[in-house]
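Report on one structure; see the data block that follows.
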Amino acid sequence: MYRGFLRSMFVCSLLLGLACSLWAKPGREFYASDIRESMEKGDKLAILMVHFGSAYPEARTQVIDVMNKRVKEAFPDVEVRQAYSARSVVSRLRAQGVWVQLPADALVELRDQGFTHVIIQPTIIIEGVEMEAIRKEAEQRKGLFKDLRVGNPLLYDDTDYEAVMKAVSSPSGVTKNGAKLLVAHGTYHASNSAYAKLGYMFQTKGMKDYYTGTREGFPTIEDVGEQMRQAGHKRVQLIPFMFVLIRGTENTVTDFWQKGLRQQGFDVDIYLKPLGENPAIRSLFIDHIRFAMKYKRVTIFDRKKLYTH
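Quick note on numbering: the sequence shown equals residues -24 to -1, 1 to 285 in mature numbering (1 follows the signal peptide of the UniProt record, and there is no 0).
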């Protein structure tokens, strides 16, 4: 009976500690857990950068490779690897003789090479379908490591939105006059609301010339066209709101957005550089890695324990 009491006290203390550290972070979704402090002698830490990928050599050299290099510079004592999440891109590259791994293959290789602690950092924009797939992949393979964590997408909490707002307004090629429209792919996933939230924050934070639009979701080209028209804009600059330009992106921007807005009466020009070429955006992803090193995400099982004890 005494042992049972001690066991109960230990569980309660553990849960209380988790609750206190969890409550200390906004959103109550993470608790303090330094991945380095949990490592023992002989343990090895790696960062796995997961990109959607691109078959364009320029996109890889100007965006993806640069992102990986910046991560290596930020964490010189940590092994940095990469994987592409788009199977179609991986298949196309392998057919061309360019070897790129899928996340699952990269994780198995890291385990086989003795890595015990891994942080996966996707260069994904929102918490949508791609992030769900990456988190599921990590959940299925967490048993391969002592600690496997997934960093957040670019837009996760309000501080991310504010940082992105500042970042997209900084490049020299972005016009100072007229409307600036950030164009995204969009998704059927509920997370598509992130784009509308960003657009709303632009309007409420004093950046009223900035708008967001999606090809497959809300705000549509008609929605944002009406917004800009009501604000009195006649000129608009299109800015791709995606980490890297993939096959067909240029056509989507020029044929769909440019043509569509011209039909609505706007004078349109294009700033055809992806987010991945923006140094401030790269820094935000690196900040997400730092956060993942210090804080661990609370699972649904952790939440249930907190609420049932």
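Each residue gets a CB set at the ideal place from its N, CA and C atoms; glycine is no exception. Fair warning: this is a prediction, and the values are worked out from it, not measured in the lab.
Nearest neighbour of Pro255, chosen from Lys272, Glu192, Lys142, Gly29 [CA to CA]: Lys142
Simplified DSSP state of His165, which is helix, strand or coil: coil
Cα-Cα separation, Ala(-1) to Tyr7: In this predicted model, Ala(-1) has a pLDDT of only 37, less than 50, meaning its place in the structure is not dependable; the value taken from the coordinates is given anyway. Near 8 Å, if we compare the C-alpha coordinates of Tyr7 and Ala(-1).
Extent of the continuous beta strand (DSSP E) to which Ala268 belongs: No beta strand (DSSP E) holds Ala268; the alpha helix (DSSP H) holding it covers 255 to 270.
Residue nearest to Ile40 in terms of C-alpha spacing, selected from Arg266, Pro250, Glu115: Pro250
Backbone CA spacing between Thr180 and Phe121 [nearest angstrom]: 44 Å
Cross-strand partners of Pro98 (DSSP beta bridge): Partner(s): Val26.
Inter-residue spacing [alpha-carbon to alpha-carbon] between Leu158 and Thr188: 5 Å
Buried or exposed (CB count within 10 angstroms, at least 16 for buried), Thr275: Looking at its Cβ environment, which holds fewer than 16 other Cβ atoms inside 10 Å, Thr275 is exposed.
Range of the contiguous alpha helix (DSSP H) that encloses Val200: 197 to 206
Simplified DSSP assignment, three categories, for Lys173: Correct three-state label for Lys173: helix.
8 Å contact criterion, which Pro174 and Val212 should meet: CB distance rounded: According to the sequence shown, residue 174 is Leu rather than Pro. Not a contact, Cβ separation roughly 17 Å.
Ile40, DSSP secondary structure in three states: helix
Every unbroken alpha helix (DSSP H) within the segment 129 to 160, with a cutoff of 4 residues, ordered by chain: 134 to 144
8 Å Cβ shell around Arg63 - same chain, five flanking residues per side excluded: Leu78
Euclidean distance between Cα positions of Ser259 and Lys48: Between Ser259 and Lys48, the C-alpha separation is close to 12 Å.
At least 3 beta-carbon pairs within less than 8 Å: the segment 130 to 137 vs the segment 197 to 204: The segment 130 to 137 vs the segment 197 to 204: no contact.
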